[in-house]
Structures are given as C-alpha cells and as structure tokens.
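Each residue of the sequence shown is one higher than the one before, starting from 54 at the first, in the numbering used here.
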Amino acid sequence: MPDVVVFEDPTGSGKPIELERFEVPSDLPDYEQRVGKIPEADPHYVDLGMLYRFAQLEKVRREAPSGFVPLHVAVRGHMGTGKDHDIEQFAARLGLPYYRIPLTGEVRDVTLIGSTKLHGDGKGGTESRWEDGDITRALRGPALINLSELNAAGAETLFALHGLLDRYAALDLPTGETVRLRSDVRIFGTMNPTDLRDYAGTQTLNKAFADRWVIWEKDFPPADRIEEMLRIRYRDLKAPYVEAIARLAVEVNESFRSRDTTTRVETPLSLRAVLDRIPTGLRIYAEDDDPLRRAWEEFVLPHIDPYDRDHYETVWSAVVRRGPAPPPFER
Ligand SMILES: Nc1ncnc2c1ncn2[C@@H]1O[C@H](COP(=O)(O)OP(=O)(O)OP(=O)(O)O)[C@@H](O)[C@H]1O
Ligand SMILES: [Mg+2]
Numbered sequence: 054m055p056d057v058v059v060f061e062d063p064t065g066s067g068k069p070i071e072l073e074r075f076e077v078p079s080d081l082p083d084y085e086q087r088v089g090k091i092p093e094a095d096p097h098y099v100d101l102g103m104l105y106r107f108a109q110l111e112k113v114r115r116e117a118p119s120g121f122v123p124l125h126v127a128v129r130g131h132m133g134t135g136k137d138h139d140i141e142q143f144a145a146r147l148g149l150p151y152y153r154i155p156l157t158g159e160v161r162d163v164t165l166i167g168s169t170k171l172h173g174d175g176k177g178g179t180e181s182r183w184e185d186g187d188i189t190r191a192l193r194g195p196a197l198i199n200l201s202e203l204n205a206a207g208a209e210t211l212f213a214l215h216g217l218l219d220r221y222a223a224l225d226l227p228t229g230e231t232v233r234l235r236s237d238v239r240i241f242g243t244m245n246p247t248d249l250r251d252y253a254g255t256q257t258l259n260k261a262f263a264d265r266w267v268i269w270e271k272d273f274p275p276a277d278r279i280e281e282m283l284r285i286r287y288r289d290l291k292a293p294y295v296e297a298i299a300r301l302a303v304e305v306n307e308s309f310r311s312r313d314t315t316t317r318v319e320t321p322l323s324l325r326a327v328l329d330r331i332p333t334g335l336r337i338y339a340e341d342d343d344p345l346r347r348a349w350e351e352f353v354l355p356h357i358d359p360y361d362r363d364h365y366e367t368v369w370s371a372v373v374r375r376g377p378a379p380p381p382f383e384r
C-alpha cells in the first residue's frame, strides 16, 4: 500500500487533497544520506494556506496527460513571513529529501553545478575527476530543491539554470553528461520583494528567469493566525500576552507597508521575532513588573535601526503602552 498524505484547505472551502508520498529507491548510491535529508514534520507548524496551494499544483502536475509540466514555484515575501518553512514542511509531508541551496551573490556556478578537481591517483601522480556541485548532486535522486534568495544570485548563476527550469528540463555538465530533471524532483525558490524596500544584495529578477517560475506572494500573517501559532507553540502563554504580541506584529507590519515615509517603520516584525525572540524574553523577564516591555526592549528594539526606533515606539504606545499583568506563563 502506498503511503498517502492528506492536505486540508485551512480556509475550509476546498476539498482535501490526497497525494502519494515519494519513495527513495534503495539502490541509489547515496541512499542513506538522501533519506537523512527528509525533514521532520514541525508539530508547531500552522498552514496559512501555502501548503494547500503547493498540493493543488502538485496534484495537477501528477494528473497532467502530457506527463511532465515544468512548473516551479517561487514564494515571494518579506523577511520572516515563513517562506522557507512552508517549502521545508511540504518536503516533510511528501517524504522528499530537502536540499536548501542559497543563491547568495557570492555563489558561483561551479559550486552549484560542479567542477573538475585534481586527486591523487595513488601512484604519486594526479588525475582530474568531476565533482558534482550542490544542485547536480541533489538532481541525482528524489529531491525537493529550495533555491533560496533567488533574487540575490548573479546573472551568470541564473543563466546556468535556465535550461533546467524550462522545457529542456536538464542540466548539461561540462563533462558532456546531461542530468535530466527526474519525475521525483521538485524545484522551489524564495525571494524578497524589491518593490517596497531594499534588501541588501537583491535585485529585480531578470525577466527571462522570472518567466520560468510560478511566483506566489506570501503576506504577513493576520492576527488570528499569529495567535494560533503562539498558542500551539506556547500552550501556557496567557491570552492577554498572546493577543498583545499578535497586535504588535500586525500593527508594525501594517506600518511597514505604509506609503508614508515619515511615519512608517523600516523593518517588519518577523515570525522569528514573534515566535522565538519575544517568548524567550518573556521567560527571562517573567518576574519583571512589565515582562512584555522588557522583552520588547531586549529582544525587539536591538534589531531595529536607531532612526527607526521612534516609529517602533509609536506602535508600542498605540497598541500596548503597558504590557499585561505578570506572570506571562501559567507555570
Ligand atoms: N506556518 C508557520 N507555522 C509555525 N511557525 C512558522 C510558520 N512559518 C514560519 N514559522 C517560524 O518562523 C520562522 C521564520 O520562517 P522562515 O525562515 O521560513 O521565514 P522566511 O520567510 O524564509 O524568512 P527570510 O526571508 O528572512 O529568509 C521559522 O523559524 C519558523 O519557526
Ligand atoms: Mg528564508
């Protein structure tokens, strides 16, 4: 019996989607290593809809009469909206080995594709041997490849990937070998939007490259979903705290999107701040008069540029002014 996973529509309107999990063939030379790269399911993960959309596309792909449809999804959203996490959790659900390959400005195509290296031949001389780069290695078996920070990559790097991403669906190595896109390989990407704010080292995506992707936007989560994430992750965090943190996040991020440059904040409140840093601050300062204020001062403000602190403080005053009564946790 094949292993089946069910994806539920978090909005409740679409039908559940059933998909068979992938299997890693046991005769692959790197079988052990590959199986070790299948991610664990995150018990605290809340699907904001992205996982279900991925599943919709996957289902259409699998049912396509022509067999192969070269559709790759790039998720575009601001920092800390949970893009990489969604893609990783999709790999976990489908049982695919997960290869996250950041395309920073420094990464060269030899790192991604491979190069010929000199090795000792055991007889005192040397011989040259081809060594797969990160992408080539991933393509040799079932894989979900996440090319993160797509718009930070240099143009040459992207050109090297053009053929892989379109109907040609293969990578030509300098050795003459052609590595084809297997039916059990999926390619995803993530990027930050460049329209609203600058992210150092990013640029607008080259149009020919962008055309090889399905681009989906990922927005900041709304208050009720942030509350849900906090409650699932911190079961004993008291409700007034959950609500205050969610409102701070929503208001800061609303201000981040504002067109008014005189009052808007320049740094969003990421899910990392909301789910990791603030609750850590609450634990540390649980005995304080105002634990939320201390957590804000010690775990949020230091991440903000000095000229931006006033804007953050304006949001604080408007939304909280004084944090909920301590202690933050039931236990
Ligand atoms: N849907 C979710 N449910 C629960 N936790 C989440 C979810 N999405 C993200 N997180 C948490 O938020 C953190 C940030 O997510 P992630 O690293 O995926 O963001 P990102 O959008 O890739 O950010 P960046 O653009 O900065 O790379 C993760 O460490 C994870 O713990
Ligand atoms: Mg990321």
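Positions of the beta carbon are idealized from the N, C-alpha and C atoms, including for glycine.
Considering only heavy atoms of ligand 3, does any lie closer than 7 Å to the CB of residue i?
i    : result
H138 : Absence of ligand 3 is noted for the structure shown, with ligand 1 and ligand 2 being the only ligands found.
Quick check: is any heavy atom of ligand 1 less than 7 Å from the C-beta of residue i?
i    : result
Y98  : yes
G158 : no
G102 : no
N204 : no
T64  : no
R310 : no
R106 : no
R153 : no
L432 : Because residue 432 is not part of the residues shown, which for the chain are 54 to 384, the question remains open.
T134 : yes
L328 : yes
G130 : yes
What I want to know is whether the C-beta of residue i ends up closer than 7 Å to one or more non-hydrogen atoms of ligand 2.
i    : result
S201 : yes
T179 : no
T315 : no
T169 : no
T243 : yes
How would you write the range of the alpha helix (DSSP H) that residue i sits in, first residue to last?
i    : result
V163 : 162-166
A144 : 136-147
V232 : Taken as a continuous stretch (DSSP letters only), V232 belongs to no alpha helix (DSSP H), being part of the beta strand (DSSP E) at 231-233.
T189 : 187-192
Y294 : 292-309
L197 : Unbroken run through L197 is the beta strand (DSSP E), 196-201; no alpha helix (DSSP H).
A213 : 208-218
A261 : 260-263
A108 : 103-116
Identify the continuous beta strand (DSSP E) that holds residue i and give its terminal residues.
i    : result
W269 : 267-271
V353 : V353 -> no beta strand (DSSP E), and no H or E assigned at all.
G242 : 238-244
Y221 : From DSSP, Y221 is part of no beta strand (DSSP E); its letter is neither H nor E.
I154 : 151-155
I70  : 70-73
Starting from the C-beta of residue i, find all residues in its chain whose C-beta is less than 7 Å away, skip the five residues before and the five after it, and write them out in chain order.
i    : result
I268 : A127, R129
Y287 : P332
H364 : S308, T316, R317, V318
L354 : R362, Y365
D343 : R375, G376
L171 : T179, S181
Take the Cβ of residue i as the centre, count every other Cβ of all protein chains shown within 10 Å, and call the residue buried at 16 or more, exposed below.
i    : result
H97  : exposed
S66  : exposed
S79  : exposed
A378 : exposed
T161 : First, the residue type needs correcting, since residue 161 is Arg and not Thr in the sequence shown. So R161 counts as exposed.
T64  : exposed
Y151 : buried
E116 : exposed
R265 : buried
I285 : exposed
Q86  : exposed
A371 : exposed
Less than 6 Å between C-beta atoms, sequence neighbours within five positions excluded: which residues of the same chain meet that for residue i?
i    : result
R233 : A223
R317 : S308, S311
I140 : N199, F241
K271 : V128, G130, T134, K136
P55  : E73
K90  : P150, Y151
Thinking C-beta only, is residue j closer than 8 Å to residue i?
i    : j    : result
G167 : D185 : yes
E280 : A299 : yes
L11  : N259 : No answer is possible for residue 11: it lies beyond the span of the chain, which begins at 54 and ends at 384.
G147 : F241 : Looking at the sequence shown, residue 147 is not Gly but Leu. Contact: no.
A348 : V327 : no
L214 : L149 : no
D358 : T314 : no
Looking only at its chain, what residues have a beta carbon closer than 8 Å to the beta carbon of residue i, apart from the 5 residues adjacent to it on each side?
i    : result
E93  : A145
D137 : R153, N199, S201, T243
D289 : F382, E383, R384
D187 : Y152, I154, T164, L165
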